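Residue numbers (full-length UniProt numbering): 1 to 300.
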């Protein structure tokens, strides 16, 4: 599995190098000194990327090399987040992308690390109260790693799910088809079709907002257990459902916690005033009261 883990690091670096190339283009008018520094950074990262590609062909890596690879991957993610933030500034866009999501970096990277492990099927339940950013976190991990998988799908379940429709959505996405062209049938036929299609594929499925056991049991039947390194991400606000989803597959429950006070203040000021430093003095007390009532909810 070393090759798979190295490929994630290589992919992260490749994505970063592509964005540095865009940043050096005519669209962004950079000062010569800044452009020189970015060009230098790109050259250095290209050397690191080349070394990571060599590591991908090695069957066994020593501990020091593994640590270096992990740090390189995390560094690439951090730099890419800063670049994403900068690239939005020329158009003065206010975005809810990952760079604006206070406190998401650490849990996102933890989640990504959970996805690049053994070949057996792995299920990760992201659990927590409403408003803590479970869906956003799952989507961020999905965006960062989906290229590693043969097929993928994201589906929202909600409190009153239509099981047949959910199965059709998953089938259309993993087959990369328009939903209108996806085969029809009853639940059992759709389950059989999904199992047959996914049998020998490494798949990534995000099941968002599960509320009851019945919905999960139906979906679970369609997601065949293989040894291709497949991954299922589940989000739920119900602890018993999170445990149910993980129990037969030695899965992991990733519990989201509310933001601490410092991150809550940072998020509120950025969203309301555009910067942590622009909160008017006469509004600070009001802002503090609002932050307290939010109870650490974030990323929305």
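We put the CB at the ideal spot given by N, CA and C, even for glycine. Predicted model only: the values in this text are computed from it and were never measured.
Express the C-alpha separation of residue 189 and residue 23 in angstroms, rounding to a whole number. The straight-line gap from Cα to Cα measures roughly 49 Å.
Assuming residue 210 contacts residue 234 (C-beta within less than 8 Å), just tell me the rounded distance between them. Yes, residue 210 and residue 234 are in contact; Cβ-Cβ is about 6 Å, under 8 Å.
Whose C-beta lies closer than 7 Å to the C-beta of residue 227 among residues of the same chain, with five residues either side of it excluded? Here residue 227 has 119 and 120 as same chain residues with Cβ atoms under 7 Å from its own Cβ, once five neighbours each way along the sequence are excluded.
Through-space distance from residue 42 to residue 216, alpha-carbon basis: The straight-line gap from Cα to Cα measures roughly 45 Å.
Taking the straight line between their C-alpha atoms, what separation do you get for residue 201 and residue 193? For residue 201 and residue 193, the distance between alpha carbons rounds to 13 Å.
Do you know whose CA, among 64, 184, 44 and 69, lies nearest residue 54's CA? If we check each option's Cα against that of residue 54, 69 comes out closest.
Have a look at residue 244 and residue 213 and give me their C-alpha separation to the nearest angstrom. Each residue's Cα considered, the two are about 8 Å apart.
If we count the other Cβ atoms within 10 Å of its Cβ and call it buried at 16 or more, is residue 136 buried or exposed? A residue is called buried when at least 16 other Cβ atoms come within 10 angstroms of its Cβ; residue 136 meets this threshold and is buried.
To which residues of the same chain is residue 128 closer than 8 Å at the C-beta, ignoring the five residues directly before and after it? Once the five neighbours on either side are set aside, the close Cβ partners of residue 128 are 134, 237, 255, 256 and 257.
Where does residue 202 sit, in a helix, a strand or coil, going by DSSP? Annotated three-state conformation of residue 202 is coil, per DSSP.
Excluding the 5 residues flanking residue 167 on each side, which residues of the same chain have their C-beta closer than 7 Å to its C-beta? Hits under 7 Å: 187, 190, 191, 194 and 222.
So which of 83, 84, 144 and 85 has the shortest CA-CA distance to residue 113? Measuring C-alpha to C-alpha distances from residue 113 to each of 83, 84, 144 and 85 identifies 144 as the nearest.
Closer than 7 Å: is that where the CB of residue 58 sits relative to any heavy atom of the ligand ATP? Of ligands this structure carries none, so the ligand ATP is not represented either.
Consult DSSP for residue 140 and reduce its assignment to one of helix, strand or coil. Helix at residue 140.
I need the DSSP call for residue 195, collapsed to helix, strand or coil. Residue 195: helix per DSSP, three-state reduction.
Is the Cβ-Cβ distance between residue 77 and residue 153 less than 8 Å? Contact: no.
If we count the other Cβ atoms within 10 Å of its Cβ and call it buried at 16 or more, is residue 37 buried or exposed? Residue 37 should be labelled exposed.
Looking at the secondary structure, which residues open and close the beta strand (DSSP E) in which residue 236 lies? Here the beta strand (DSSP E) through residue 236 covers 231-236.
For residue 305, the first and last residue of its enclosing alpha helix (DSSP H): The structure shown does not extend to residue 305, since the chain is modelled only from 1 through 300, so no value can be given for it.
Can you pull the DSSP bridge partners for residue 207? Note: residue 207 is bridge-paired with 155 and 234 in the DSSP secondary-structure output.
At the level of alpha carbons, what is the spacing between residue 75 and residue 208? A direct Cα-Cα distance of roughly 29 Å separates residue 75 from residue 208.
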